[in-house]
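Protein chains: 2
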Amino acid sequence: MKSGPLGIFDSGVGGLTVVRAVQDLLPAEDILYLGDTARMPYGSKSPETIRQFADEDARFLLAHGVKGIVVACNTATAHALPSLREKFQLPILGVIEAGVDAALANPQAQRIGIIATRGTIRSHAYQHALALRRTGLLIHAQAAPLLAPLVEEDWIDHPATELILKAYLDPLIEKGIDTLMLACTHYPLLISVLRKLLPEDVFLVDSATTCAEHLQRELTRLDLLAPDSHEGKLEVHLTDLSEEFEVLARRFLRKAPGRIQRAVLGGA
Amino acid sequence: MKSGPLGIFDSGVGGLTVVRAVQDLLPAEDILYLGDTARMPYGSKSPETIRQFADEDARFLLAHGVKGIVVACNTATAHALPSLREKFQLPILGVIEAGVDAALANPQAQRIGIIATRGTIRSHAYQHALALRRTGLLIHAQAAPLLAPLVEEDWIDHPATELILKAYLDPLIEKGIDTLMLACTHYPLLISVLRKLLPEDVFLVDSATTCAEHLQRELTRLDLLAPDSHEGKLEVHLTDLSEEFEVLARRFLRKAPGRIQRAVLGGA
């Protein structure tokens with residue numbers, strides 16, 4: 280057993296859906312969250328730039344004595360997880376393995392849809408991870424770059440959101456998907472609308488819940504769990520602060536995030 | 280008369296609508312364009328962060344020997360123009376003065392609508408500039424944060440875009456605006472849809488055209504125009520490169536941008 284908080288980072292505030300799921304499942308863990316709001320979003324940017332940003336994010340968390348790191352951003356997991364694991368000698372989890380585990384837990388899963396940012400889709404990280412694990416899968420990946428902005432605007436129930444979602448989902452529904460992977464940490468906030476638009480029997484896999492479950496297994500395996508008696512605390516650091524980010528943070532976390540601090544990252 | 284290119288910067292590729300307008304009006308000018316695609320967009324970020332980024336953008340252009348700078352980003356103009364002018368001893372133009380000039384060129388203009396990013400609206404830069412210039416104006420400002428992502432996706436003619444535009448415009452139309460200021464360099468690409476949704480007699484003012492006209496007047500006044508015989512060249516530098524940004528650049532510029540170079544900015 281090792282002390283120290285868990286470090287969780289994301290390009291912005293989306294990763295707070297992962298924080299919420301971790302708090303629900305592992306209430307004893309202290310969490311240090313870093314959101315790179317000054318340079319968000321990562322989803323449209325190049326692999327090189329994302330690797331550089333993720334490196335700086337990880338170094339910030341390491342400098343704060345974290346016992347492990349969760350990359351709570353699908354785009355950063357897709358492009359930077361291998362290089363982070365090469366560079367840093369502590370447990371580092373992403374959101375992709377966990378999602379793939381959860382999708383394939385169903386032995387009948389055969390036609391898998393994926394929605395994500397353009398960066399995540401273009402990386403083929405989900406497509407590769409799925410294909411390596413089960414032969415004969417039919418995988419349909421759909422970049423859905425307008426969803427994160429709509430979630431940030433809180434237009435969840437707006438007719439425009441339904442129209443845009445239909446544009447993204449209809450091609451997947453036509454392919455007869457049995458599973459839909461929500462491969463962006465913003466998307467758990469869309470689950471109610473997604474449920475309305477998808478056939479009833481499509482199984483939804485979200486990054487937040489599956490990542491928290493994966494984390495629990497890994498911390499148990501590595502004997503890194505905080506003692507049950509401890510009451511976990513959350514510290515939120517953002518590279519850019521504004522009232523708007525505080526409002527967003529509260530919405531993603533479903534409660535007040537406490538005092539948010541401004542993080543200054545070192546160079547690469 | 281002084282030699283050297285004009286420096287034009289923006290948070291991303293939106294400022295290329297200004298470049299296009301400048302090329303149309305001042306074909307003899309060499310242009311050095313910097314788009315901070317690694318950290319785009321600026322529109323949702325805090326004034327302090329935008330000032331820091333704009334400072335780094337301006338220093339990059341200065342290091343390349345520009346004779347003057349155009350801040351082709353409404354959010355950066357709103358938050359950073361005064362501090363840039365204090366720090367740097369060369370002509371620096373923004374997009375706001377030009378737009379305000381153009382709106383008030385009509386002596387009948389009385390009810391002015393403004394659409395822009397949240398950052399531009401919150402800065403009150405347009406509202407102040409207008410109110411200082413003419414008393415008795417009725418100014419209605421509307422943050423329209425989903426428009427830039429829709430333009431970047433090229434969903435100009437998508438029914439969702441019309442729905443979202445109506446949500447932003449209807450309150451302005453109800454107020455009886457006679458003028459609509461498109462206070463974001465992405466919005467010129469929406470003019471055809473805007474024309475369809477607005478009453479016929481609403482006068483549209485766009486940042487790109489008005490900024491180019493303002494620039495022509497200023498360069499003439501300061502005797503900084505390039506000689507007519509010269510054939511202006513364009514150099515595009517972006518802080519993050521990707522195929523997607525090249526596609527976007529071509530769309531905003533309405534022609535191939537030539538070879539795009541990766542810009543590395545110094546610290547603040």
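First to last, the sequence lines map onto chains X and D.
Each residue of the first sequence is one higher than the last, beginning at 280 in our numbering.
Each residue of the second sequence is one higher than the last, beginning at 280 in our numbering.
Heads up, the beta-carbon is just placed ideally off N, CA and C, and yes, glycines get one too.
Using a 10 Å radius around the Cβ and a threshold of 16 neighbouring Cβ atoms, would you call X:Leu285 buried or exposed? For the purposes of this step, residue 285 of chain X is identified with residue 6 of the first sequence, where counting begins at 1. With 16 or more neighbouring CB atoms inside 10 Å of its own CB, X:Leu285 falls in the buried class.
Can you tell me which of the three DSSP states X:Ala547 falls into? What you label residue 547 of chain X is simply residue 268 of the first sequence in a count that begins at 1. Any reading at X:Ala547 needs caution, since the residue's pLDDT is 41, under 50, leaving its predicted position unreliable; the model's value is listed next. The answer is coil: DSSP assigns X:Ala547 none of H, G, I, E or B.
Between X:Ala317 and chain D, is there a C-beta pair that is closer than 8 Å? Locating residue 317 of chain X in the first sequence gives position 38, counting from the first residue. Closer than 8 Å to some Cβ of chain D, the Cβ of X:Ala317 qualifies, so yes.
Using three-state DSSP, classify X:Leu311 as helix, strand or coil. Residue 311 of chain X sits at position 32 when you count from the first residue of the first sequence. Shown here, X:Leu311 sits in a strand according to DSSP, grouped into three states.
X:Ala422, enclosing beta strand (DSSP E) - first and last residue: On the first sequence, position 143 is the one that residue 422 of chain X refers to. Under the DSSP assignment, X:Ala422 falls in the beta strand (DSSP E) whose first and last residues are 417 to 422.
Using Cβ-Cβ distances below 7 Å, what residues of the segment 514 to 529 of chain D are close to chain B? Among the chains of the structure shown, chain B does not appear; the protein chains present are X and D.
Between the alpha carbons of X:Leu313 and X:Thr518, how many angstroms are there, rounded? Taking the first residue of the first sequence as 1, we reach residue 313 of chain X at position 34. Taking the first residue of the first sequence as 1, we reach residue 518 of chain X at position 239. Taking the straight line from one Cα to the other gives about 8 Å.
Can you pull the chain D residues whose beta carbon is under 9 Å from the beta carbon of X:Arg397, in chain order? Within the first sequence, numbered from 1, the residue matching residue 397 of chain X stands at position 118. Result: Glu523.
For the alpha helix (DSSP H) containing X:Ala381, name the first residue and the last one. Position 102 of the first sequence holds residue 381 of chain X. X:Ala381 -> alpha helix (DSSP H) spans 375 to 383.
Using a beta-carbon distance below 8 Å, is X:Thr328 in contact with chain D? Translated into the one-based positions of the first sequence, residue 328 of chain X becomes position 49. For X:Thr328, the answer is yes, since a Cβ of chain D falls inside 8 Å of its Cβ.
Among all the DSSP beta bridges, which residues are the ones paired with X:Gln540? On the first sequence, residue 540 of chain X is found 261 positions in, with the first residue counted as 1. Assignment of beta-bridge partners to X:Gln540 by DSSP yields X:His516.
Cβ of X:Leu363 within 8 Å of Cβ of X:Ala333? Walking along the first sequence from the start, residue 363 of chain X turns up at place 84. Walking along the first sequence from the start, residue 333 of chain X turns up at place 54. A contact, by the Cβ cut-off of 8 Å.
Residue nearest to D:Glu510 in terms of C-alpha spacing, selected from D:Pro306, D:Thr296, D:Gly378, D:Lys534: If you number the second sequence from 1, residue 510 of chain D lands on position 231. Out of D:Pro306, D:Thr296, D:Gly378, D:Lys534, D:Pro306 has the C-alpha closest to the C-alpha of D:Glu510.
Look at the Cβ atom of X:Ala404, then the Cβ atom of X:Gly322, and state whether they are nearer than 8 Å. Translated into the one-based positions of the first sequence, residue 404 of chain X becomes position 125. Translated into the one-based positions of the first sequence, residue 322 of chain X becomes position 43. Taking the C-beta atoms as reference points, X:Gly322 is found no nearer than 8 Å to X:Ala404.
Determine the DSSP secondary structure at X:Cys352, reduced to helix, strand or coil. Translated into positions along the first sequence, residue 352 of chain X becomes position 73. Three-state DSSP puts X:Cys352 in coil, outside helix and strand.
List the residues of chain D that X:Ala359 touches, going by C-beta distances under 7 Å, in chain order. Your numbering for residue 359 of chain X matches position 80 in the first sequence. Ordered by position in chain D, no residue passes the 7 Å Cβ test against X:Ala359, which lies about 15 Å from the chain.
Would the beta-carbon of D:Ala351 be found less than 7 Å away from any heavy atom of the ligand NAP? Ligands in the displayed structure: none, and consequently the ligand NAP is not present.
Run down chain X in chain order and give the residues with a C-beta less than 7 Å from the C-beta of D:Ser323. In the second sequence, residue 323 of chain D corresponds to position 44, counting from 1. For the C-beta of D:Ser323, the chain X residues within less than 7 Å are, from N- to C-terminus, Glu523.
Please confirm if X:Ala351 has its CB atom under 8 Å from at least one CB of chain D. On the first sequence, residue 351 of chain X is found 72 positions in, with the first residue counted as 1. Taking 8 Å as the CB threshold, X:Ala351 stays off the interface with chain D.
If we count the other Cβ atoms within 10 Å of its Cβ and call it buried at 16 or more, is D:Asn353 buried or exposed? Sequence index remark: in the second sequence, residue 353 of chain D carries index 74 (1-based). D:Asn353 should be labelled buried.
Whose C-alpha, out of X:Val297, X:Ser508, X:Gly283, is nearest the C-alpha of X:Arg533? For the purposes of this step, residue 533 of chain X is taken as the residue at position 254 of the first sequence. It is X:Val297 whose Cα lies nearest to the Cα of X:Arg533.
Determine, using beta-carbon pairs with one atom in the segment 482 to 495 of chain X and one in the segment 415 to 431 of chain X, whether at least three such pairs fall under 8 Å. Proximity of the segment 482 to 495 of chain X to the segment 415 to 431 of chain X falls short of the contact definition, fewer than three beta-carbon pairs being nearer than 8 Å.
Any beta carbon of chain D sitting closer than 8 Å to that of X:Ala337? In the first sequence, the residue the question calls residue 337 of chain X occupies position 58. Against chain D, the CB of X:Ala337 has no partner CB under 8 Å away; the residue lies outside that interface.
From this set, X:Tyr466, X:Glu432, X:Ile456, which residue's C-alpha is nearest X:Asp480's C-alpha? Here residue 480 of chain X refers to the residue found at position 201 of the first sequence. X:Ile456 is the residue among X:Tyr466, X:Glu432, X:Ile456 whose C-alpha sits nearest the C-alpha of X:Asp480.
Applying a beta-carbon distance threshold of less than 7 Å, which residues of chain X neighbour D:Glu432? Walking along the second sequence from the start, residue 432 of chain D turns up at place 153. What D:Glu432 touches in chain X: Pro424, Leu425.
Could you confirm whether any beta carbon from chain D is found closer than 8 Å to the beta carbon of X:Pro506? On the first sequence, residue 506 of chain X is found 227 positions in, with the first residue counted as 1. Proximity of X:Pro506 to chain D, defined by a Cβ-Cβ separation below 8 Å, is not satisfied.
Which chain X residues are close to D:Ala542, counting only those with a beta carbon under 9 Å from its beta carbon? Walking along the second sequence from the start, residue 542 of chain D turns up at place 263. Within chain X, no C-beta atom comes nearer than 9 Å to that of D:Ala542; the closest sits roughly 12 Å away.
X:Leu417 beta carbon less than 8 Å from that of X:Gln389: Here residue 389 of chain X is taken as the residue at index 110 of the first sequence, counted from 1. Here residue 417 of chain X is taken as the residue at index 138 of the first sequence, counted from 1. It is a contact, given that the beta carbons lie within the stated cut-off.
Contacts that X:Leu451 makes with chain D (C-beta to C-beta distance below 7 Å): Numbered from 1 along the first sequence, position 172 holds the residue referred to as residue 451 of chain X. Going along chain D, no residue has its Cβ under 7 Å from X:Leu451, so there is no contact; the nearest lies around 18 Å.
In angstroms with no decimal places, state the Cα-to-Cα distance between D:Ile539 and X:Asp336. Walking along the second sequence from the start, residue 539 of chain D turns up at place 260. Walking along the first sequence from the start, residue 336 of chain X turns up at place 57. Using only the alpha carbons, I get a separation of about 28 Å.
Looking only at its own chain, which residues have a Cβ that is under 8 Å from the Cβ of X:Ala547, when we skip the five neighbours before and after it? Numbered from 1 along the first sequence, position 268 holds the residue referred to as residue 547 of chain X. Because the pLDDT at X:Ala547 is just 41, under 50, the model does not fix this residue reliably, and the point stays unresolved.
Output the distance between the C-alpha atoms of D:Pro450 and D:Asp380, rounded to the nearest integer angstrom. Against the second sequence, residue 450 of chain D aligns to sequence position 171. Against the second sequence, residue 380 of chain D aligns to sequence position 101. Counting only the Cα atoms, D:Asp380 lies some 24 Å from D:Pro450.
Counterpart residues of D:Arg390 in DSSP-defined beta bridges: Along the second sequence, one-based indexing puts residue 390 of chain D at 111. The beta-bridge partner set that DSSP reports for D:Arg390 consists of D:Leu417.
X:Gly553: which of X:Arg496, X:Cys490, X:Arg530 sits nearest, CA to CA? One cannot answer for residue 553 of chain X here, as it falls past the ends of chain X, which runs 280 to 547.
D:Pro284: contacting residues in chain X (beta-carbon distance under 7 Å): The sequence position of residue 284 of chain D within the second sequence is 5, counting from 1. Within 7 Å Cβ-Cβ: nothing; D:Pro284 doesn't reach chain X, min ~26 Å.
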